[in-house]
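Okay, structure first, notes after.
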Amino acid sequence: RNTSLSDKVSELACERDRLSKFVEDKDCLLESKLSELKSMTSIVERKESLESQLSIITQERDGLFDKVASLEGKLDNVHSEKVLMNLSICSLSSGAEEARKEL
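Every number in the working numbering is 1 more than the matching position in the sequence shown, counting from 1.
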């Protein structure tokens, strides 16, 4: 009976050691997974920050495109005015030339 009790105590001690090792392994695994999760959370936060910055940059770019289009329109207007002024100068020069001939 003592042997049986002694064997049982040894078995229970082995089982305790095995379970203790199992829990320790699971704890290490859990710590590793928690570290991975923190890393992923950091990556997700960085991604969200970059997406926000990209949205702001895109809006600024679109605003600059609008300004460029407006400036191109103004440049076209200035060019048209220049052409009209040149035509007026030519017309005035032609009229002055005719007036000179009549004198």
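The C-beta atom is built at its ideal place from N, Cα and C for all residues, glycine as well.
{"Query": "Simplified DSSP state of Leu-104, which is helix, strand or coil", "Result": "coil"}
{"Query": "Inter-residue spacing [alpha-carbon to alpha-carbon] between Ser-56 and His-80", "Result": "36 Å"}
{"Query": "Heavy atom of the ligand FAD within 6 Å of Leu-51 beta-carbon", "Result": "Because no ligand of any kind appears in the structure shown, any question about the ligand FAD cannot be addressed here."}
{"Query": "Separation of Leu-51 from Lys-27, as counted between CA atoms", "Result": "36 Å"}
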